[in-house]
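Comments concern the structure below.
Residue numbers (this note's numbering): 236 to 406.
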């Protein structure tokens, strides 16, 4: 049984090859990719060839017919997962090579926590982003806006790069 199940639901092609590359380059290797795909029947052989034996793949069909049902697709992913930790990776996300390792470390330290993260939109691969970040003169080229308004007012730092967001009270 893998430690982490990475669940992706999709009905498009856009970043699948990039996601396969990003998962193949993870520093944490004890994971499976559960790909819930509206076009599973049409591209299953090709996706399996692209993944080859790099990491375990569960490529399953989205059961919705005639419409796209996000919740149903996620439920299909969960049902087909065998990992202890579920990592939901949208079909437009390219994870940093240390993402799964960091999530597993956090899970070991805080096993009952819901782990969520923020992403930044960049016009390059995670590997190019690393080289940009390692050069201080490039840092101004990389920016991202935190979409969670007011989050700083409710943050409690609990570890390096890790904080808890306390719930806000309703008016």
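Using N, Cα and C, we set each Cβ at its ideal position, and we do this for glycine too.
Looking at the DSSP output, residue 267 bridges to 240. By the Cβ rule, the stretch 301–314 does not count as touching the stretch 274–286, because fewer than three pairs are nearer than 8 Å.
Residue 326 has its alpha-carbon roughly 9 Å from the corresponding atom of residue 246. Sequence-distant partners of residue 296 (beyond 5 residues in either direction) whose C-beta falls short of 6 Å from its own C-beta, in its chain, are 275. Bounds of the beta strand (DSSP E) holding residue 322 are 320–323. Listed as beta-bridge partners of residue 286 by DSSP are no residues whatsoever.
Shown here, residue 255 sits in a helix according to DSSP, grouped into three states.
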